[in-house]
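A.B. asks:
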Amino acid sequence: MKDLYDKLKVGNRELPNRLMRSASATLYADEDGIVREETVKLYEELAKGHVGLIVKGHLYVTDDGISNPGQYGISDDKHIPGLKRITEAVHQHDGIIIAQLNHGGHRAKAHVAPSYLEAENLEARELSAEEIADLVSAYGKAAERAIKAGFDGVQIHLAHGFLVNLFLSANTNQREDKYGGTVEQRMQFVIEIYDEIRERIGDKIVAIKMNCDDFVEGGNTVDEAKLIAQILSKRGVDLIELSGGGVPQDRSLHDRAKHSDPILDEVVYAGHAAEIRKVTGSTPLALVNGFATRKAMDRVLELDIADIISMSRPFIREPDLSIKLKEGQEVVACTRCNACVMPENFGTDIVHCHVN
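Here the sequence shown stands for residues 559 to 914, numbered as in my numbering.
1) Does the Cβ of VAL613 have 16 or more other Cβ atoms within 10 Å, making it buried, or fewer, making it exposed?
2) Just mark THR740 as buried or exposed, buried being the case when its beta carbon has 16 or more other beta carbons within 10 Å.
3) Could you check whether ILE766 and GLU701 sit closer than 8 angstroms to each other, using their CB atoms as the reference points?
4) For VAL846, write down the residues that DSSP places opposite it in a beta bridge.
5) Evaluate contact between the stretch 716-729 and the stretch 775-791, counting only Cβ atoms and requiring at least three cross-stretch pairs below 8 angstroms.
6) With H, G and I counted as helix, E and B as strand and the rest as coil, what does DSSP make of VAL826?
7) Between HIS616, VAL837, GLU757, LEU797, which has its C-alpha nearest GLY591's C-alpha?
8) The ligand HEM and VAL748: does the residue's C-beta get closer than 7 angstroms to at least one heavy atom of that ligand?
9) Can you tell me where the alpha helix (DSSP H) with VAL694 in it begins and where it stops?
10) With DSSP run on the structure shown, which of helix, strand or coil describes ALA583?
11) To the nearest angstrom, how far is it from the Cα of LYS836 to the Cα of GLU595?
12) For a test of the three-state rule: what should DSSP assign to ARG733, helix, strand or coil?
13) Comparing C-alpha positions only, which one of GLY829, ALA677, ARG683, ILE654 sits nearest to ALA668?
14) Can you tell me which of SER580, ILE759, ASP588, THR620 puts its alpha carbon nearest to the alpha carbon of ASP692?
15) My parser needs the alpha helix (DSSP H) runs of 4 or more residues fully inside the stretch 637-672; what are they?
16) Check THR620 in the structure and name its three-state DSSP category.
17) Go through its chain and collect everything with a Cβ distance to VAL890's Cβ below 6 angstroms, but skip five positions before and after it.
18) Report the rounded CA-to-CA distance for VAL568 versus PRO842, giving the unit in angstroms.
19) ASN896 to GLN743, Cα distance in whole Å?
20) Could you give the first and the last residue of the continuous beta strand (DSSP E) run that contains MET768?
21) By DSSP, does SER810 sit in helix, in strand, or in coil?
22) State buried or exposed for ARG809, treating a residue as buried only when at least 16 other CB atoms are found within 10 Å of its CB.
23) Between the Cα of GLN658 and the Cα atoms of GLU681, ALA666, GLU602, LEU716, which residue gives the shortest distance?
24) Count the other CB atoms, across all protein chains shown, that sit within 10 Å of the CB of GLN650; report buried if there are 16 or more and exposed otherwise.
25) Can you check which of these residues, LEU790, SER818, SER625, VAL712, is closest to GLY719 by C-alpha distance?
26) Using 8 angstroms as the threshold, is the stretch 863-872 in touch with the stretch 571-585, meaning 3 or more CB pairs across them?
27) Please classify ARG814 as buried or exposed, where buried requires at least 16 other C-beta atoms within 10 Å of its C-beta.
28) My understanding is that PHE725 touches VAL748, with C-beta atoms under 8 angstroms, so please give their C-beta distance in whole angstroms.
29) Between which residues of its own chain and ARG852 is the CB-CB distance below 6 angstroms, once the five residues before and five after are set aside?
30) Just to confirm before moving on: does the CB-CB distance between ALA587 and ILE638 stay below 8 angstroms?
31) By the 10 Å Cβ neighbour count, where 16 or more other Cβ atoms means buried, how is MET768 classified, buried or exposed?
32) Taking the C-alpha atoms as reference points, what is the distance between CYS770 and GLU603?
33) Which value, in whole angstroms, describes the spacing of the CA atoms of GLU734 and ILE786?
34) Have a look at VAL899 and GLY848 and give me their C-alpha separation to the nearest angstrom.
35) Between LEU797 and ILE821, how many whole angstroms is the CB-CB distance? I'm expecting something under 8 angstroms.
36) Since LYS565 and PRO574 should fall inside the 8 angstroms C-beta cutoff, what is the C-beta to C-beta distance between them, to a whole number of angstroms?
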């Protein structure tokens, strides 16, 4: 049986354990998207805490792809030195860290989408085919910068209603060219991004974060998610992280993602993950959202639902959670109050636990 502290090969690296610090928007960069010292310390603490894989989240790949105040950039070479300070701090403690690449889509400064879109009190125009080609190149260049900055790889953000998710979901993609239509056609954008990145960074880790379900009327369900995961697995992605939620997300639909095992009641997407697991072959699978007990983490591994336990808010509360779990702690301290990720703090205060 797999253990939380077993090693795992992901791409060209071997993780020391099965714990992953899922990406979150720390949102404390300066006005140019450049890293501040507080951010370096945050990621260094995670490495000191023996997290198996760390994801530096929400890096915008074009200047007008920024979607939040204080967001960190990877759109220009000027961002490399600050990001390099993060990777050096992590590697000093033998940590492994990848950079999450993203474009805000309708939420971005550019206000763009695959098709004309009105959502979340925002209006977005349709991207042209030429602009899509430019974005594919931008993702590739951003990945190159990530490697120059010392990251061990990248994660392409396909979830949570950001630009790539808008292309994947039928309710936000009504294009009639090669980027719209069937699931396979709606995947054209991400396939081009993946191929561009792989060409540029070789055998470095290329991971994805995707929805197991958009939880949106007319959006992708677990059936479409299975096909997306299967195609990307065969394409050669090194790691798939499963999350959920598109535009506009209906949280009342979350129950359809549950697993029948009562031990897994806290793990929001465990049922869907078990279904997706059937089609991903040997590609490592990470699962995020809801983990509160060591018992549930162990159960996910025991049932082979996923290979990696991914958490964000629990590691915000306890950056040394990996050490504590290994020493026998059974319950995470995070209460899921969400104060750490409230929008009013974006750009004014680095992400931290407000309960501590």
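C-beta: ideal position from N, C-alpha, C; glycine also. Just so we're clear, the structure is a prediction, and the values are computed from it rather than from any experiment.
C.D. replies: In terms of the structure at hand:
1) Position 55 of the sequence shown holds residue 613. Burial call: buried.
2) By one-based count along the sequence shown, residue 740 stands at place 182. THR740 should be labelled exposed.
3) Position 143 of the sequence shown, counting from 1, holds the residue named residue 701. Position 208 of the sequence shown, counting from 1, holds the residue named residue 766. First, the residue type needs correcting, since residue 701 is Ala and not Glu in the sequence shown. For ALA701 and ILE766, no; Cβs fall outside 8 angstroms.
4) Walking along the sequence shown from the start, residue 846 turns up at place 288. SER868.
5) yes
6) In the sequence shown, counting from the first residue as 1, residue 826 sits at position 268. The answer is coil: DSSP assigns VAL826 none of H, G, I, E or B.
7) If you number the sequence shown from 1, residue 591 lands on position 33. Closest option to GLY591, Cα to Cα, is HIS616.
8) For the ligand HEM, the structure offers nothing, since it holds no ligand at all.
9) Sequence index remark: in the sequence shown, residue 694 carries index 136 (1-based). 687-706 is the extent of the alpha helix (DSSP H) around VAL694.
10) Counted from its first residue, the sequence shown places residue 583 at position 25. ALA583: coil per DSSP, three-state reduction.
11) Here the question's residue 836 lines up with position 278 in the sequence shown. Here the question's residue 595 lines up with position 37 in the sequence shown. Going from the Cα of LYS836 to the Cα of GLU595 covers about 43 angstroms.
12) For the purposes of this step, residue 733 is identified with residue 175 of the sequence shown, where counting begins at 1. Of the three classes helix, strand and coil, the one that applies to ARG733 here is coil, per DSSP.
13) For the purposes of this step, residue 668 is taken as the residue at position 110 of the sequence shown. Nearest option by C-alpha distance: ARG683.
14) Here the question's residue 692 lines up with position 134 in the sequence shown. Out of SER580, ILE759, ASP588, THR620, THR620 has the C-alpha closest to the C-alpha of ASP692.
15) 638-649
16) Indexing the sequence shown from 1 puts residue 620 at position 62. Correct three-state label for THR620: coil.
17) Locating residue 890 in the sequence shown gives position 332, counting from the first residue. Contacts found: ALA850, PRO872.
18) As a first step, residue 568 is located in the sequence shown; it is residue number 10 there, counting from the start. As a first step, residue 842 is located in the sequence shown; it is residue number 284 there, counting from the start. The straight-line gap from Cα to Cα measures roughly 7 angstroms.
19) Position 338 of the sequence shown, counting from 1, holds the residue named residue 896. Position 185 of the sequence shown, counting from 1, holds the residue named residue 743. Looking at the two C-alpha atoms, the distance is approximately 36 angstroms.
20) Within the sequence shown, the letter at position 210 stands for residue 768. Note, MET768: beta strand (DSSP E), 763-769.
21) Start at 1 with the first residue of the sequence shown, and residue 810 comes out as number 252. It is helical.
22) Within the sequence shown, the letter at position 251 stands for residue 809. So ARG809 ends up on the exposed side.
23) Working through the sequence shown from its first residue, we reach residue 658 at position 100. Among GLU681, ALA666, GLU602, LEU716, the Cα nearest to that of GLN658 belongs to LEU716.
24) On the sequence shown, position 92 is the one that residue 650 refers to. Counting Cβ neighbours within 10 Å, GLN650 comes out exposed, since fewer than 16 surround it.
25) Against the sequence shown, residue 719 aligns to sequence position 161. Per the Cα distances, SER625.
26) yes
27) Within the sequence shown, residue 814 is the residue found at index 256, counting from 1. Label assigned to ARG814: exposed.
28) Here residue 725 refers to the residue found at position 167 of the sequence shown. Here residue 748 refers to the residue found at position 190 of the sequence shown. Confirmed, about 7 angstroms.
29) Along the sequence shown, read from residue 1 onward, the residue named residue 852 stands at position 294. Closer than 6 angstroms at Cβ, skipping near neighbours: LEU883, GLU888.
30) In the sequence shown, counting from the first residue as 1, residue 587 sits at position 29. In the sequence shown, counting from the first residue as 1, residue 638 sits at position 80. No; because the gap between Cβ atoms is not below 8 angstroms, this pair is not in contact.
31) Taking the first residue of the sequence shown as 1, we reach residue 768 at position 210. With 16 or more Cβ atoms within 10 Å of its Cβ, MET768 is classed as buried.
32) Position 212 of the sequence shown, counted from the first residue, corresponds to residue 770. Position 45 of the sequence shown, counted from the first residue, corresponds to residue 603. Going from the Cα of CYS770 to the Cα of GLU603 covers about 30 angstroms.
33) In the sequence shown, counting from the first residue as 1, residue 734 sits at position 176. In the sequence shown, counting from the first residue as 1, residue 786 sits at position 228. Cα to Cα, GLU734 sits roughly 20 angstroms from ILE786.
34) Working through the sequence shown from its first residue, we reach residue 899 at position 341. Working through the sequence shown from its first residue, we reach residue 848 at position 290. Using only the alpha carbons, I get a separation of about 15 angstroms.
35) Along the sequence shown, one-based indexing puts residue 797 at 239. Along the sequence shown, one-based indexing puts residue 821 at 263. Between ILE821 and LEU797 the Cβ distance is about 25 angstroms, and since that is not below 8 angstroms, they are no contact.
36) Sequence index remark: in the sequence shown, residue 565 carries index 7 (1-based). Sequence index remark: in the sequence shown, residue 574 carries index 16 (1-based). The pair is a contact, with the Cβ atoms about 6 angstroms apart (cut-off 8 angstroms).
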